[in-house]
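Just so we're aligned, residue 1 is where the sequence shown starts under the UniProt record's numbering, counting upward by one.
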Amino acid sequence: MSKLLPVQHRHAASRYWKLFVLMIMTLSIVRPAFATNPGSVQSIEEVKISLYLKDVTLQKAFLAIEKKSDFKFVTSIERIDKKKRISVSLESRTVKEVLETILAGTGLGYTQINNNIVINDKPVSRATVIETPVSTPAAKTLAQEVTGTIKDAKGAGVPGTNILVKGTTTGTTTDINGKFSINVPDPNSVLIISSIGYTSQEITVGGRSVIDIVLLDDVKQLGEVVVTALGIEKDAKSMTYAQQNVGGEELTRVKDPNMVNSLAGKAAGVVITKGTGGPGSSSKVLLRGNKSITGNNQPLYVIDGIPMNNANGSQGSTLFDTRDAGDAISNLNPEDIENISILKGASAAALYGSQAANGVILVTTKRGRKGHASINFSSTANFENPIALPQVQTSYGQGYGGVANTAVNDSWGPKITNGSDKHLKDFFNTGKTFVNSLSITNGNDIGQFYVSYANTKANGIVPENDYNRHNVNLRGTTQLFNNKLSLDASVNYIEQKVYNRPQSGFYYSPIFSLYLFPTGDDFSKYSGNNFEKWDPARLMNVQNWPYIKNEASSNQNPYWLSKRNQTDQFRNRTIYAFSAKWAITDWLNLQGRTTYDKVQDTYELRQYASSDPTLVGSNGGYRKNLTNTDQLYSDLLLSGTKTFGKDLFLSATLGFSNTQNTFYDMNVGNNGATNTLSYPNYFSVYALQSLTGQGFFNATESLQKRLSQALFGTATVGYKETFFVDLTARKEWSSTVNQSFFYPSVGLSYVLTEHLKPSNILSFAKVRASYAEVGNALPFGVANWTPPYSLSNDENVNGRGTLPFFSGSDTTSLKPERTRSYEIGTELRFFKDKLSFNLTYYNATTYDQVFQIQAPAGAGASNFWINGGTIRNKGFESTLSYKADLGGGLTWTPALNFSRNVNQIRELSSLLKSDWFVLQAGGSTRMLQLFLTRPGIPNLGGREYGSYGDLFGKTYQRDANGNIKYNETTGLPLLSAGTDQYLGNANPKFLLGFNNQFKYKNATLSFLVDGRFGGKIASMTEQWLDFKGLSKRSGEARDAGGVNVNGKTIPAETYYNFISGKGDVAAAAEEYMFSATNVRMRELAIGYTFPKVSKAIKDISVSFISRNLFFFYKDAPFDPEVSITTANAMQGIEGFSIPATRSYGVTVRATF
1 MSKLLPVQHR
11 HAASRYWKLF
21 VLMIMTLSIV
31 RPAFATNPGS
41 VQSIEEVKIS
51 LYLKDVTLQK
61 AFLAIEKKSD
71 FKFVTSIERI
81 DKKKRISVSL
91 ESRTVKEVLE
101 TILAGTGLGY
111 TQINNNIVIN
121 DKPVSRATVI
131 ETPVSTPAAK
141 TLAQEVTGTI
151 KDAKGAGVPG
161 TNILVKGTTT
171 GTTTDINGKF
181 SINVPDPNSV
191 LIISSIGYTS
201 QEITVGGRSV
211 IDIVLLDDVK
221 QLGEVVVTAL
231 GIEKDAKSMT
241 YAQQNVGGEE
251 LTRVKDPNMV
261 NSLAGKAAGV
271 VITKGTGGPG
281 SSSKVLLRGN
291 KSITGNNQPL
301 YVIDGIPMNN
311 ANGSQGSTLF
321 DTRDAGDAIS
331 NLNPEDIENI
341 SILKGASAAA
351 LYGSQAANGV
361 ILVTTKRGRK
371 GHASINFSST
381 ANFENPIALP
391 QVQTSYGQGY
401 GGVANTAVND
411 SWGPKITNGS
421 DKHLKDFFNT
431 GKTFVNSLSI
441 TNGNDIGQFY
451 VSYANTKANG
461 IVPENDYNRH
471 NVNLRGTTQL
481 FNNKLSLDAS
491 VNYIEQKVYN
501 RPQSGFYYSP
511 IFSLYLFPTG
521 DDFSKYSGNN
531 FEKWDPARLM
541 NVQNWPYIKN
551 EASSNQNPYW
561 LSKRNQTDQF
571 RNRTIYAFSA
581 KWAITDWLNL
591 QGRTTYDKVQ
601 DTYELRQYAS
611 SDPTLVGSNG
621 GYRKNLTNTD
631 QLYSDLLLSG
641 TKTFGKDLFL
651 SATLGFSNTQ
661 NTFYDMNVGN
671 NGATNTLSYP
681 NYFSVYALQS
691 LTGQGFFNAT
701 ESLQKRLSQA
711 LFGTATVGYK
721 ETFFVDLTAR
731 KEWSSTVNQS
741 FFYPSVGLSY
751 VLTEHLKPSN
761 ILSFAKVRAS
771 YAEVGNALPF
781 GVANWTPPYS
791 LSNDENVNGR
801 GTLPFFSGSD
811 TTSLKPERTR
821 SYEIGTELRF
831 FKDKLSFNLT
841 YYNATTYDQV
851 FQIQAPAGAG
861 ASNFWINGGT
871 IRNKGFESTL
881 SYKADLGGGL
891 TWTPALNFSR
901 NVNQIRELSS
911 LLKSDWFVLQ
921 AGGSTRMLQL
931 FLTRPGIPNL
941 GGREYGSYGD
951 LFGKTYQRDA
961 NGNIKYNETT
971 GLPLLSAGTD
981 QYLGNANPKF
991 LLGFNNQFKY
1001 KNATLSFLVD
1011 GRFGGKIASM
1021 TEQWLDFKGL
1031 SKRSGEARDA
1041 GGVNVNGKTI
1051 PAETYYNFIS
1061 GKGDVAAAAE
1071 EYMFSATNVR
1081 MRELAIGYTF
1091 PKVSKAIKDI
1101 SVSFISRNLF
1111 FFYKDAPFDP
1121 EVSITTANAM
1131 QGIEGFSIPA
1141 TRSYGVTVRA
1151 TF
């Protein structure tokens, strides 16, 4: 066994020593936050800065002071004269002196409250640092304490909000959760509430002890900053492309073990397909359609500016074996996420070059904050049950032609009275998910830290399926040398264990045999502890199932598949990140970042003796797989922002990045039914060894590496805060190809409202346009930094294994897929930003599609790769949101997302030989195929071009009037002859999401209605139910004496055997096509917050939550969003997948 260990493990000590040093650096950054009093506040009379400004507005001056100090300005922009411009040259002056200089002659004053500087309407003779109000015996008579929460329109707490008692210098600021407490001199005191980016408010206390306030966005902000590619911050109004944000609260309101599923319906143009592998299974995310025929269609995930490897393990691509090994993004703790930004287009993602074709999802995680320590705890308990189970007949028993035969599981037998479908529900458990998380944050002017722990434990609806994940996150930040040096280091550790993750399809899914169990038989004879029985001949328990010998498609006891087809999937993942940023001048900085992401996966399969002999040897089977996936990423960024004269400013970044990916895999195990274990149910590598020395098993080992490097730059030029030009360029080198590639982008935006008179109706208007070119990297293993190898013992040569290297043709001329995209759009806001509307049109064409085809004889290779195809995606995206104050403390925040995408295959290479290229067989030649088709072939349903996701199969022959033709002899319908016909496309025509939140005082009601309109889905399940005589309609037909076809009655068995394809006759695929349109109540949450529970507990909130509560509409007899696999094929096909679930639960949160 030692010979199978990877060579690189010998160097592990050196590697882990480097990682240990990084952990020590993280702890050294965190330490100052503990060592210094977190409550200290520096006075503006103590802090000194240097400020050199020429002909700038007051807003620009405030921003410059913020960048050079820890102070934040709070004011309403309406107070500031936009035409007033200043020039100053101040060296090492206190902030107080700077303020008095720049505010001279403006009629404005200032007040310091902790680290915030409030700009007042009236001048103040001197600044006052406010910590505790002064009290007198007379004041104590009427004085009272007021507590409350300051939240934004989405219900999130607003930290750092200033609360000032009008006419006094008494004030305070909110904590990290938006909580505050202040003493007022009398019950009629007025509180002035102000925060950057929000409209100031004056609230009369009126004797109340608890006051909760919702802040509304200011019409004109001091510069709304958004995070873009590579973590670069930009002014929102300078953006030349569409970007949509989803706050962390939206991800945790109704939790899912895979946080990506919580994005469904909340962003335009985002299609999410949830995996059917139980809790924590992988998900497929599409942004603006499928762009690659055989390559990757998933977006790039970027964590705090660093690209993440989201390899999603083994994904089946047939109906027979669809093991889900999970993906990387599902490992993250959603409670650690501050915000998600979705860059859907090529222009937004262009800085990532060959990784950007499918868009980017930017994840910003939480970090430590200055102020008092805060402890946050949350606990969620969720319970789920299957929905939309198949409807079956219970009136007819086993047999054929109305004659009983209990030895078969076909249900074409005689009428019965004891039939039951109870087993369909009884087999499934009530799924349970428990999520508990704890986070602690603290910090001061020198250092801040954030520490969190979360545990997610789930039991799936399929018996024996368990999931357990631990997340530990440690992050520290510090600012040194008068804020010139900023350090950020983190360690994120994930341990995940999944037991018996269920599979879809025919071979190993318990759903196949469960759904096809004859309703005339007694399921209790094979359930519970009866799933196995003692075999005195073999002296062991064996499978108890009478139908295993009758199905070539592997029909086994569903409990046996759950309990005796055991799988263990263990993952250990550690992400180390470090960043250092040096402010060279007040407008120029240099930043270096590095991240090491190490994933170690272990997979074990134990198949017990007496499993299906067509799949497993007589003594059972065993397989063990070890996989290591490493990514080392580093970059260096030089960034600067400079103002030139009155109206021109430039923000630019130049950088270099280096990415090294390593994939190691070792696989040992049986080779299907032809081999077996040496001893029954003895699961070890030793048992795989043959007693005779001949190979009874295969052992493979492979190592692949890929290295990519890039130079890149971006620049934004702004003129008069009105016109913006955005440019990016990336030059990229990759070890997979012997050439370099250039990816440019350009964007323009024009803020119309800067040239319009102020209006109470139109608050903001902008138009934008952009063009970009991005790529889709070649698949891993096509060509590599080091030659991939596969050490195999599958085929023996003189008792030894073989070492075949890469068997494909030369790939040095192969190019990554390339997308050229343009988009135009507009952003409008009305009624002081209460109503917002965004609209985007995009057109993206992806060239140089990569295919692997069989090489001709004598070519010197078994296959070769070619560039040969073009796909175009075009469509619209729109969002509409409103912030409504309904009065009496009731607010309503609705948000509507709409998107439509049209996909076309514009070209396929002539080397593909025919008009048809089979993307993926539907799993049965009796059913349907997924094809790619050349433009202009005659059977595209009247369309000029085919599309990714087109479904083809046998249809009914029809006359000129659309009437079905029938065989005059049999009376059966006639099926299309020759080439399969177009049946529809799996992709929706458009998506609609309607997200709502109502708030009344401390109560909230949130719900999400999500709809997919159009598209088709084929059901292999419904086909097999007809095939076996189990479908509800086959029973109803027998009750009616047969099927009335064109005035002729045909026996139900004859009719349904024909259309379902019995006897290897092609099925009438048209019969099993369903509309994929569905509208559902995706999420519902009702919550209440109990403020100021005690001195130690700031607040407690309780929420009742639900997901997939009900359907407003669906056509299919199952959930049409259920997918066999999240791999790059098999969309639009349902086949014995784990059913969708409806969940209910409760979440409790507490802040200390």
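From the three backbone atoms N, C-alpha and C, an ideal C-beta is built for every residue, glycine too.
Ranked by Cα distance from Y842, the first of R820, A710 and V1102 is R820.
According to DSSP, residue pairing for R1142 in a beta bridge involves N385.
Sequence-distant Cβ neighbours of T430 in its own chain, meaning closer than 8 Å and more than five residues away, are F383, E384, N385 and I461. Taking a contact to require three or more Cβ pairs closer than 8 Å, the stretch 351 to 363 and the stretch 435 to 442 do not qualify as touching.
The three-state reading of DSSP puts K563 in helix, counting H, G and I together. Excluding the 5 residues flanking it on each side, K255 has same chain C-beta neighbours closer than 6 Å at T380 and V435, in chain order. For E827 against K766, the beta-carbon gap comes to about 5 Å, under 8 Å, which counts as contact.
Burial state of P758 is exposed, judged by a 10 Å Cβ sphere holding fewer than 16 other Cβ atoms.
With contacts defined by Cβ atoms closer than 8 Å, N670 and Y622 form a contacting pair. Under a 10 Å Cβ-count criterion, V403 is classified as exposed, with fewer than 16 other Cβ atoms of the shown protein chains found around its own Cβ. Counting only the Cα atoms, F837 lies some 15 Å from T753. In terms of Cα proximity to L654, the closest of L351, S678 and G447 is L351. As the crow flies, the alpha-carbon of F831 is around 38 Å from that of P744. Going by DSSP, P307 is part of the beta strand (DSSP E) stretching over I306 to M308.
Between S618 and N565, the CB-CB gap reaches or exceeds 8 Å.
For R369, no alpha helix (DSSP H) encloses it, and the DSSP letter there is neither H nor E. In this chain, the beta strand (DSSP E) harbouring P1091 covers N1078 to P1091.
Taking one beta carbon from each stretch, the stretch 235 to 243 and the stretch 279 to 292 have fewer than 3 pairs nearer than 8 Å; the two do not touch. E1070 counts as buried, since no fewer than 16 other beta carbons sit within 10 angstroms of its beta carbon.
Buried is the label assigned to W1024, since at least 16 other Cβ atoms lie within 10 Å of its Cβ. DSSP, read as helix, strand or coil, puts W733 in strand. Within its own chain, the residues whose Cβ lies closer than 7 Å to the Cβ of K237, once the five positions on either side in sequence are excluded, are V751 and K766, listed in chain order. Going by beta carbons, P1051 and G1042 fall inside the 8 Å limit. Its chain contains N619, G620, P680 and N681 as the residues whose beta carbon lies nearer than 6 Å to that of A609, once the 5 sequence neighbours on both sides are disregarded; these appear in chain order.
The residue among L1030, V542, N455 and D885 with its C-alpha nearest the C-alpha of W560 is V542. Around A729, the same chain offers G713 and P744 as residues with beta carbons nearer than 6 Å, after the five sequence neighbours per side are excluded. The count of Cβ pairs closer than 8 Å, one atom from the stretch 955 to 969 and one from the stretch 1024 to 1033, stays below three, leaving the stretches out of contact. Across the structure, T1089 and S1101 are spaced so that their CA atoms are roughly 4 Å apart. Around the beta carbon of G107, a 10 Å sphere encloses fewer than 16 other beta carbons of the protein chains shown; the residue is thus reported as exposed. Per DSSP, the unbroken beta strand (DSSP E) holding N776 starts and ends at L762 to N776.
Shown here for S490: same chain residues with a beta carbon closer than 6 Å to its own, the five before and five after excluded, namely R475 and A577 in chain order.
For N667, the closest C-alpha among the options V685, S678 and A895 is that of V685. Non-local beta-carbon contacts of Y603 in its own chain, meaning distances under 6 Å to residues more than five positions away in sequence, involve Q569 and N625 in chain order. K370 is not a Cβ neighbour of D336, given a cutoff of 8 Å. Pairing I575 with G305, the inter-Cα distance amounts to about 14 Å. In this structure G265 does not touch A156 by the C-beta definition: roughly 19 Å separates them, more than the 8 Å allowed.
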